[in-house]
Amino acid sequence: MPGRIFSGDAARTGGNAAGEEFEELFARLARSEFRSRFRLGPAEVAYAERKGAETLRRHAEDFVRTRLAPAVIPNDGRQTPMRGHPVFIAQHATACCCRKCLEKWHRIPAGRELSATEQRYVVAVLMAWIGRQPLRQAGTNRPVR
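Counting from 1, position 78 in the sequence shown corresponds to residue 60 in our numbering; the numbering is continuous, with no gaps.
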């Protein structure tokens, strides 16, 4: 089994003790041709390893609060970059990138502010996905085996 970005429970759940609740979600996402193509590249893996789970969680909380939680998002559908940060990649991989995707994949209605519970849920999904990503061989896109 390849190494994981985070060790122990954090590798399995991204630091979320309820990670098993996402098994069905991750299975559905894996069947999506678009969602299943997202992987962390070497730069994102290095960043995640360097910063650690708690820093990534804080970044995820900030991104969700500022880019996803408002009731009205003027650029909804375009507010999440496709690269540049592990959380951005995770948002696209888990359909937590915009309110339209949150509604379709997670049944969280658009047009209203996300509750604190919904924000915690989204962050937990993102962290669980990041925690499942394999370490990469330095300078390549190949997983470490």
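For every residue, glycine included, the Cβ atom is placed at its ideal position computed from N, Cα and C.
Cα-Cα, which of the options is closest to residue i?
| i | options | result |
| --- | --- | --- |
| Arg114 | Arg10, Arg17, Arg13, Leu22 | Leu22 |
| His74 | Ser18, Arg13, Phe4 | Ser18 |
| Ser14 | Arg65, Arg60, Lys86, Glu3 | Lys86 |
| His67 | Ile112, Ala106, Glu95 | Ile112 |
| Gly59 | Glu43, Arg40, Lys82, Ile71 | Lys82 |
| Pro116 | Leu96, Arg39, Ala30 | Ala30 |
| Tyr103 | Arg39, Gly93, Leu11, Phe16 | Arg39 |
| Leu7 | Arg65, Arg89, Gln101 | Arg89 |
Here's the rule I'm using: 16 or more other beta-carbon atoms within 10 Å means buried, otherwise exposed. How should residue i be labelled?
| i | result |
| --- | --- |
| Ala9 | exposed |
| Ala53 | exposed |
| Ala25 | exposed |
| Ala32 | It is worth fixing the name first, because residue 32 is Arg in this sequence and not Ala. Exposed, by the Cβ-count rule. |
| Ala35 | buried |
| Ala42 | buried |
| Val126 | Reliability of the predicted coordinates at Val126 is poor, the pLDDT of 42 falling under 50, and the value obtained from them is presented with this limitation in mind. Exposed, since its Cβ has fewer than 16 Cβ neighbours within 10 Å. |
| Phe16 | exposed |
Check whether the Cβ atoms of residue i and residue j sit closer than 8 angstroms, and answer yes or no.
| i | j | result |
| --- | --- | --- |
| Cys80 | Thr99 | no |
| Thr76 | Leu50 | no |
| Phe45 | Val69 | yes |
| Ala110 | Phe20 | no |
Every unbroken alpha helix (DSSP H) inside the stretch 44 to 92 [4 residues or more]: The stretch 44 to 92 contains these whole alpha helix (DSSP H) runs: 68 to 75, 81 to 88.
Any alpha helix (DSSP H) of 4 or more consecutive residues that is wholly inside the stretch 4 to 36: Complete alpha helix (DSSP H) runs here, min 4: 5 to 12.
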